[in-house]
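Visitor: Just passing along the structure, written as structure tokens.
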Amino acid sequence: MTLPARISSAEPAATLRRIAACVREGRPIDPADAMPFFPEHVQRAILIEERDEAIRTAAETFALSAVTLATELHRYAASSWLRERTLDTCPDRHAGRLQEHLWRALHAHPHVIGERQIRRIISDMTPPS
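What the sequence shown shows, in numbering that gives the first Met the number 0, is residues 0 to 128, in sequence order.
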């Protein structure tokens, strides 16, 4: 088995020791330790689900249609996102605003999606009871 270039040969052993210690002590495993063991397609699926959840939350919270949400996502991606894409956390100025959800969506999976894809994501929402 060849290791990815970003992992030195000592890192997997140290990671396994940390995971084993967590299991023995009944503590949760740090997700960062588990990530190298996930196949890339699983990691991608997890990130896409995070993006979809941010899109669904934005649509529900702000009562936006797929057309409006797609327009706002494209607008944000072409403006503020260009400066904010390297940040680890969403800027405070976006808290509670649509841009917070758009930042979360693009941070999880940095590809701008269109109206049709947003409509599919929104259609997965469960109707309020």
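Glycine included, every Cβ here is placed at the ideal spot set by N, Cα and C.
What whole-angstrom Cβ distance do Leu-105 and Ala-76 have, given they're in contact under 8 Å?
Guide: Leu-105 to Ala-76, Cβ: 6 Å. Contact.
Visitor: In chain order, which alpha helix (DSSP H) runs of at least 4 residues are fully inside the stretch 16–91?
Guide: List check, alpha helix (DSSP H) in window: 30–33, 39–61, 65–77, 79–83.
Visitor: Inspect the beta-carbon positions of Leu-101 and Leu-81 and report whether they are closer than 8 Å.
Guide: Not in contact: Leu-101 and Leu-81 (Cβ atoms no closer than 8 Å).
Visitor: Going by Cα to Cα distance, which pick from Pro-90, Glu-24, Leu-97 is closest to Ala-62?
Guide: Ranking the options by Cα distance to Ala-62, first place goes to Leu-97.
Visitor: At which residues does the alpha helix (DSSP H) containing His-100 begin and terminate?
Guide: Residues 97–107.
Visitor: Assign His-93 to one of three DSSP states: helix, strand, or coil.
Guide: Residue state, collapsed to three classes: helix.
Visitor: Out of Ser-64, Arg-23, Ile-28, which has the shortest C-alpha to C-alpha gap to Ala-114?
Guide: Per the sequence shown, residue 114 should be read as Glu rather than Ala. When only C-alpha atoms are compared, the closest one is Ser-64.
Visitor: Taking 8 Å as the threshold (C-beta atoms), are Arg-43 and Ala-133 in contact?
Guide: No answer is possible for residue 133: it lies beyond the span of the chain, which begins at 0 and ends at 128.
Visitor: Who are the Cβ neighbours of Pro-27 in its own chain at under 8 Å, not counting the five residues just before and after it?
Guide: Same-chain partners within the cutoff: Cys-21.
Visitor: To the nearest whole angstrom, what separates the beta carbons of Arg-55 and Asp-123, a pair I think is in contact under 8 Å?
Guide: Their Cβ separation, rounded to whole angstroms, is 7 Å, which keeps Arg-55 and Asp-123 in contact under 8 Å.
Visitor: Assuming the contact rule is C-beta atoms closer than 8 Å, Ala-53 and Arg-119 should be a hit. Round their C-beta distance to whole Å, please.
Guide: Not really, about 15 Å apart at Cβ, beyond 8 Å.
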